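For the sequence shown, UniProt numbering assigns the number 1 to the initial residue and increments by one for each residue that follows.
Yeah, the Cβ is synthetic: ideal placement off N, Cα and C, and Gly gets one too.
From a predicted model like this one, the values you see are computed outputs, not experimental measurements.
Step one of this worksheet: look at the structure below.
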Amino acid sequence: MVTIKKALTLLIAVAASAPLMAQEKDTLNAPAPVLPGVYADPNITAFGKKFYIYPTTDGTTGWLSTSFTCWSSDNLVDWKNEGVILDLPRDLTWAKERAWAPTIAFKNNKYYYYYSANTNIGVAVSDKPTGPFKDPIGKPLIAKGTKRGQMIDPMAFIDDDGQAYLYWGQGQCNIVKLNADMISCDTSKITSIKPQGYNEGPFMIKRKGVYYLMWSEYDTRDPRYSIAYATSNSPLGPFTKAVGHPVLKGKGVVKGAGHHSVVQVPGKDEWYIAYHRFKIPDGNGYNRETCISPMRFDTDGNILPVDVFEKLKPVKIKK
């Protein structure tokens, strides 16, 4: 009888420890973040023979960061901190904090940097992707209250015909054509949409003539934070949401995976998605880290589920 009791006790102990052991295994297998420290909302792109990430500086309760940095890489794996490229208290007259979720575009031989500041959207300009960036208009490009929800999370997309579009918004997705100068737009011509599940962080890519509008669902503090998408034959929609799986979501120790961007390796049909997750093992919606994973399509053009545990291999731009 004693032996049976001991065996039962051992079985119960093993069963109770199984979830912990699985979590430890997942922790060991989860790829390291590509940037050291806590950075969120990564905007990844490629200029010339380098990749660049423009993130939110994380780690403050209430997301009260005040400046933006830039990171560069020759291979997607090893990243160099290029320093502060825009400091709100120093460089702006209209906002001092809540420096969030930037994006960047190249046109007119200039780099145009769009960002959230105190829930407005600003624009800054530089001759180099590493800055420094300067505010050319002295006010928000899109002021809070312009549309419903928060005026945050800008994404600049330039179509094949050279027309630039700005996507942004929490609560609903707003779209407007940017003027040729890239620092102005007609706010009376904003298109607002709300795909099912949309919360924030819109991102647009175009592949083989199809426009993919991607976004984050749930709240950034929610472990279920994830990425979905819809497609259209126009950058303005209407969009049809993809059915089934999210493009990217956490599992195991990877939680809160979202607010992403996508880069295509120049000259190739090869794509990578940058996103943040809760810092492992004890992060939350204020302490997030930046990761990169391969993103693939099936033969019908559907985006396949991203494996957040797939190890990133070095990638070179050949030009």
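Find out if the Cβ-Cβ distance for the pair residue i, residue j is shorter than 8 angstroms.
| i | j | result |
| --- | --- | --- |
| residue 46 | residue 105 | no |
| residue 89 | residue 96 | yes |
| residue 44 | residue 79 | no |
| residue 112 | residue 99 | no |
| residue 229 | residue 214 | yes |
Out of curiosity, what's the CA-to-CA distance linking residue i and residue j?
| i | j | result |
| --- | --- | --- |
| residue 318 | residue 273 | 19 angstroms |
| residue 180 | residue 151 | 22 angstroms |
| residue 131 | residue 269 | 29 angstroms |
| residue 141 | residue 234 | 24 angstroms |
| residue 138 | residue 92 | 7 angstroms |
| residue 291 | residue 148 | 31 angstroms |
| residue 154 | residue 289 | 20 angstroms |
| residue 84 | residue 56 | 11 angstroms |
| residue 242 | residue 210 | 13 angstroms |
| residue 285 | residue 122 | 24 angstroms |
| residue 64 | residue 185 | 28 angstroms |
| residue 303 | residue 66 | 35 angstroms |
| residue 199 | residue 127 | 33 angstroms |
| residue 264 | residue 162 | 18 angstroms |
Over the uninterrupted beta strand (DSSP E) stretch that includes residue i, give me the two end residues.
| i | result |
| --- | --- |
| residue 153 | Taken as a continuous stretch (DSSP letters only), residue 153 belongs to no beta strand (DSSP E), as it is neither H nor E. |
| residue 128 | First-last for residue 128: undefined, no H or E at that position. |
| residue 196 | It is not in any beta strand (DSSP E) - residue 196 carries neither H nor E in the DSSP assignment. |
| residue 245 | Per DSSP, residue 245 belongs to no beta strand (DSSP E) and is neither H nor E. |
| residue 315 | Careful: residue 315 lies outside any beta strand (DSSP E) and carries neither H nor E. |
| residue 213 | 210-217 |
Can you tell me whether DSSP reads residue i as helix, strand or coil?
| i | result |
| --- | --- |
| residue 41 | strand |
| residue 394 | In the structure as shown, the chain starts at 1 and stops at 319, and residue 394 therefore has no counterpart that could be examined. |
| residue 61 | coil |
| residue 146 | coil |
| residue 184 | coil |
Consider the Cβ of residue i: report whether some Cβ of chain B lies at a distance smaller than 8 angstroms.
| i | result |
| --- | --- |
| residue 32 | In summary, chain B is missing from the structure at hand, where a single protein chain is found. |
Which ranges does the alpha helix (DSSP H) cover as unbroken runs of at least 4 residues, wholly within the region 64-122, from first to last along the chain?
Counting only runs of 4 or more residues that sit fully inside the region 64-122, the alpha helix (DSSP H) segments are 88-91, in chain order.
Going along the chain, which unbroken runs of the beta strand (DSSP E) with 3 or more residues stay wholly within the region 220-295?
Restricted to the region 220-295, the beta strand (DSSP E) segments that are unbroken, complete and at least 3 residues in length are 226-232, 258-264, 271-278, 288-295, listed in chain order.
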